[in-house]
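Per the UniProt record's numbering, the sequence shown starts with residue 1, numbered consecutively. Structure first, commentary second.
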Amino acid sequence: MLRLSRCYSLASIKFVQNQSTVFRPEYALKCGLEIHTQLKTRNKLFSQSTNSATPLLDTPNSHTSFYDIALPGTQPELNWEAVLFAMKLSLALDSQVNTISQFDRKHYFYGDQPQGYQVTQHYRPFARGGKINLSKELDGIDELSKDISILQLQIEQDTGKSHYTNADKDVVTLVDLNRSNVPLIELVTNPDFSDIKQVRAFIKKYQNLVRHLHISSGDLETGAMRVDVNLSINEFARVELKNLPNTSSIINAIKYEYQRQVGLISKGETSSLMESETRGWTGSSTVKLRSKETTIDYRYMPDPELPYINLAADVISGVKGIMPQLPDDIMKMLMQKPFELSLKDAKILTYNSNQNDMYDHEALRSYYLKTFHEFSKLVDEHSSAKLPTNWIIHEFLGDLNKLRIPLSKAQKILPPVVFAEFLKLLHAETISPTSSKLLLFHILETFKQSKCQDLSIPDFPRLIKEFELHAIDNVDSQELIGLCNDIIVEHTDDAFVRNLVSGKKKTSLKFLIGQGMRRSQGRIKPSEFEKQFKEILNIQW
Ligand SMILES: Nc1ncnc2c1ncn2[C@@H]1O[C@H](COP(=O)(O)OP(=O)(O)OP(=O)(O)O)[C@@H](O)[C@H]1O
Ligand SMILES: [Mg+2]
Ligand SMILES: [Mg+2]
C-alpha cells in the first residue's frame with residue numbers, strides 16, 4: 001500500500017477574495033496557458049477499455065484493461081478516433097498538422113501512474129502553430145482584435161486518480177485507474193495574454209470550440225478540461241500555477257499571483273523570481289510546490305512500442321472536407337442580414353452552455369434557421385426578422401424550460417413550418433402578442449399533459465375561435481371609453497393625473513395602457529388605449 005504525505009499545507013498567506021486587483025502598466029502581465037482536454041472517444045487511447053464520460057464517478061477500476069493497469073507484457077495500440085479528434089481541433093485552430101508525429105515516454109513515479117511513465121508527444125508533437133482570435137465585438141476584450149497564438153498541440157494519456165484516506169493516523173492512498181489512459185490533448189499557447197479578460201475569453205472560446213466539434217464535454221468541473229496558467233511580470237521568470245478547478249479559481253489565482261509578484265518586485269525582493277517555479281492554488285492563495293532545483297527530470301525518450309503517426313496528405317485534406325462551420329463564422333452570419341441577431345441571442349444559438357438540458361445549441365440553431373426560412377416564404381418584408389428571434393429564443397424556449405419539455409419533443413407538434421404559421425398570425429395581427437403567449441403556452445401545456453404522446457399538430461384557427469383570442473380590429477368605442485374610464489377611476493388620483501397631463505411623469509401613461517391590456521386580455525391594441533387615454537385626459541404632449 002502506498003503511503004504519501006500531503007502535497008502542501010493550506011494557506012500560509014492570507015488573501016482577501018474580493019480585494020480588487022489593479023493591473024499596472026509598469027508591471028506588465030504576461031500569461032501562457034497549458035490546457036488538457038479529455039477526448040470523448042468511445043475507447044481509451046491505447047486500449048479497448050470504454051472511455052466513460054464520468055470515469056471518476058463510476059465504480060473504481062471498472063473501466064480498465066490489462067494495459068491500463070500496466071500489467072507487464074501488455075502493449076499499446078493507438079486509437080485512431082483520438083487522432084481524428086486531434087486533427088479536427090488542429091484544423092479548427094488553423095494549426096499545422098505534422099504529417100509525422102511521435103509518442104514519447106515522460107517518466108515519473110506516482111501511484112496513479114503504474115507504468116512509471118506517461119505517453120505523450122514531446123519531441124514531435126501532433127501539430128504546431130495556429131491561433132484563436134479574440135475580439136471586442138464577439139468576446140468583450142478591451143482590444144479591437146487580438147490573436148492568441150498556439151505553440152503546439154500534443155496527444156497524450158491521462159493518469160489514474162489517487163484518493164487519500166486516513167487509516168491509523170497514516171494517509172492511505174487508494175488508486176482508481178478508470179481515468180488511466182483516457183486520451184488527452186494538451187494545447188500549449190504562447191505567452192500572449194496581457195490581461196485577465198483575454199484569459200477568460202480564451203477559455204470560454206476554446207471550451208465552446210471543443211464542444212462544437214463534439215470532441216470533448218469541455219467541462220472544467222469534472223476535470224474534462226484542466227487549465228494550468230503560466231504567469232510572469234516584466235522580464236522575470238515564469239511561475240506555473242496548478243490545481244485550478246474552475247474559471248473563478250483561474251481568475252483568482254492570476255490576481256493573487258500578480259499581486260504577490262508585484263509586492264516582491266516593488267520591495268526589491270526579486271531573488272525568488274529569477275528562476276521558474278511551480279505553485280498550487282489552495283482556494284485562497286498560491287503556495288510553492290517545486291522550484292527549478294527540484295524540477296523533475298522526466299527522462300523523455302521515444303516510446304519504442306509505438307510507431308510514428310504517419311499521415312498521408314489526403315487524410316488531412318479529407319478531414320478538412322468534413323469540418324463543420326466554426327463558431328465565429330456562425331456568430332457573424334447570425335448577426336448580419338437577414339437575421340440581425342444581437343450578440344446575446346447569437347451566442348444562445350452558437351454556444352453550448354451545458355446548463356440547459358432542454359435543448360442543445362445546434363438543434364436550436366437549426367430549428368431557428370428553418371423556421372426563419374419558412375416564415376420568410378410566408379411574409380415578404382424583412383422588417384419582421386425580429387419575430388422568429390423573439391418568439392423562438394425568448395417565448396418558446398422560456399415555455400420549454402418552464403414546462404420541462406425537450407425541444408426534440410416539442411418540435412414534433414411545432415415543426416418549423418407550423419411555427420412559421422404561428423408567427424404569420426402574429427405578423428398579420430390576427431392575434432395580439434399577449435394572446436399569442438397564452439396560446440403557445442396552452443399548446444405546450446396540453447402536450448405535456450399528454451406526456452408528450454399526443455402528436456397532433458395544433459389547429460390555430462380553431463383554437464383562436466375556441467378561446468376568443470382574435471385581436472379586435474374595430475374596437476367598440478363605447479366599450480373602450482368605458483374601460484378607460486374605469487381604469488382612471490380605480491388607479492389614479494389628482495396628483496397622478498396632474499403629473500401625467502403636465503408631462504412631468506409621462507411613464508404613467510404606460511402604466512394605464514398596461515392596465516387596459518390586462519383588462520382586455522391583450523385583444524385591444526396598445527395604440528387604441530393610448531389614443532383613448534390621451535383624449536379623455538386631454539393630454540397634449
Ligand atoms: N515568460 C513567460 N511568462 C509567462 N508564461 C510563459 C513565459 N514563457 C513561457 N510561458 C508559458 O509557459 C508554458 C510552457 O508550457 P510547456 O508545456 O511548453 O512547458 P512546461 O510547462 O515546462 O512543461 P509541462 O507540460 O511538463 O508542464 C506555455 O504556456 C508558455 O506560453
Ligand atoms: Mg505543458
Ligand atoms: Mg507546464
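In this text, a Cβ means the ideal position worked out from N, Cα and C, and glycines have one as well.
Own chain residues within Cβ distance below 7 Å of residue i, not counting five before or after
i      : result
ASP454 : PHE447
GLY398 : none
LEU220 : PRO245, ASN246 and THR247
ASN234 : TYR27 and ALA28
TYR8   : Unreliable positioning characterises TYR8 in this predicted model, as indicated by a pLDDT of 33, which lies under 50. The coordinate reading is nonetheless provided below. If we look at TYR8 and ignore the five residues flanking it on each side, its Cβ neighbours are GLY280, VAL287 and LEU289.
GLU528 : VAL475 and LEU480
CB of residue i within 8 Å of CB of residue j, strictly
i      : j      : result
TYR256 : LEU29  : no
THR295 : PRO327 : no
LEU56  : ASN178 : yes
GLN38  : SER216 : yes
PRO416 : LEU426 : no
ILE524 : GLY514 : no
GLU156 : GLN118 : yes
LEU439 : ILE405 : no
ASP345 : ILE393 : yes
VAL210 : LEU89  : yes
GLY160 : SER135 : no
PHE372 : GLU421 : no
ILE487 : ARG519 : yes
ARG299 : HIS122 : no
LEU91  : VAL319 : yes
VAL172 : LEU45  : no
VAL239 : CYS31  : no
GLU269 : ALA237 : no
ILE254 : ILE196 : yes
ASN208 : ASN352 : yes
ASP58  : SER52  : yes
LEU509 : GLU530 : yes
Contact set for residue i: own chain, Cβ-Cβ below 8 Å, skip 5 residues either direction
i           : result
SER149      : GLY129, GLY130, LYS131, THR189, ASN190 and ASP192
LYS242      : ASP228, THR278, ARG279, GLY280, TRP281 and LEU289
ILE100      : ARG124, TYR308, ILE309, ASN310 and LEU311
ARG24       : VAL262
ILE431      : LEU425, LEU439, ILE464, LEU469, HIS470 and ALA471
LEU400      : MET358, TYR359, PRO406, LEU407, ALA410 and LEU444
residue 543 : Nothing in the structure corresponds to residue 543, since the chain is present only between 1 and 541.
Extent of the continuous beta strand (DSSP E) run through residue i
i      : result
LYS161 : 161-167
THR120 : 117-120
ILE132 : 131-135
ARG279 : 277-281
SER384 : Counting along the chain, SER384 falls outside any beta strand (DSSP E), and DSSP gives it neither H nor E.
THR286 : 286-291
LYS242 : 239-242
Run of the alpha helix (DSSP H) containing residue i, from where it starts to where it stops
i           : result
LYS146      : Not the alpha helix (DSSP H): LYS146 falls in the beta strand (DSSP E), residues 145-157.
LYS402      : 397-403
ILE536      : 526-537
HIS373      : 361-378
LEU511      : Residue identity check: residue 511 is Phe in the sequence provided, not Leu. 507-519 is the extent of the alpha helix (DSSP H) around PHE511.
MET335      : 327-335
ASP142      : From DSSP, ASP142 is part of no alpha helix (DSSP H); its letter is neither H nor E.
residue 549 : The shown model of the chain, from 1 to 541, leaves out residue 549, and the question about it has no answer.
ILE348      : 343-350
Other residues of its chain near residue i: CB distance less than 6 Å, five sequence neighbours each side excluded
i      : result
CYS484 : GLN532, PHE533 and ILE536
ILE539 : VAL501
PHE375 : PRO388, ALA420 and LEU423
GLN113 : THR159
GLU81  : THR41
GLN75  : GLU305
SER456 : none
Per DSSP, the bridge partner or partners of residue i
i      : result
ILE431 : HIS470
ARG105 : VAL119 and MET301
HIS36  : GLU186 and ARG226
GLN411 : Its beta-bridge partners do not exist; DSSP assigns none.
ASN43  : THR50
GLN96  : ARG128
ILE265 : For ILE265, which the question treats as bridged, DSSP gives no partner whatsoever.
LEU311 : DSSP, once it has assigned bridges, lists no residue as partnering LEU311.
LYS30  : SER232
Checklist entry - What runs of the beta strand (DSSP E), each 3 residues or longer, lie entirely inside the segment 165-237? => result 170-176, 183-189 and 225-233
Item to check | Those runs of the alpha helix (DSSP H) which lie wholly inside the segment 447-504 and span at least 4 residues | outcome: 460-466, 477-491 and 494-502
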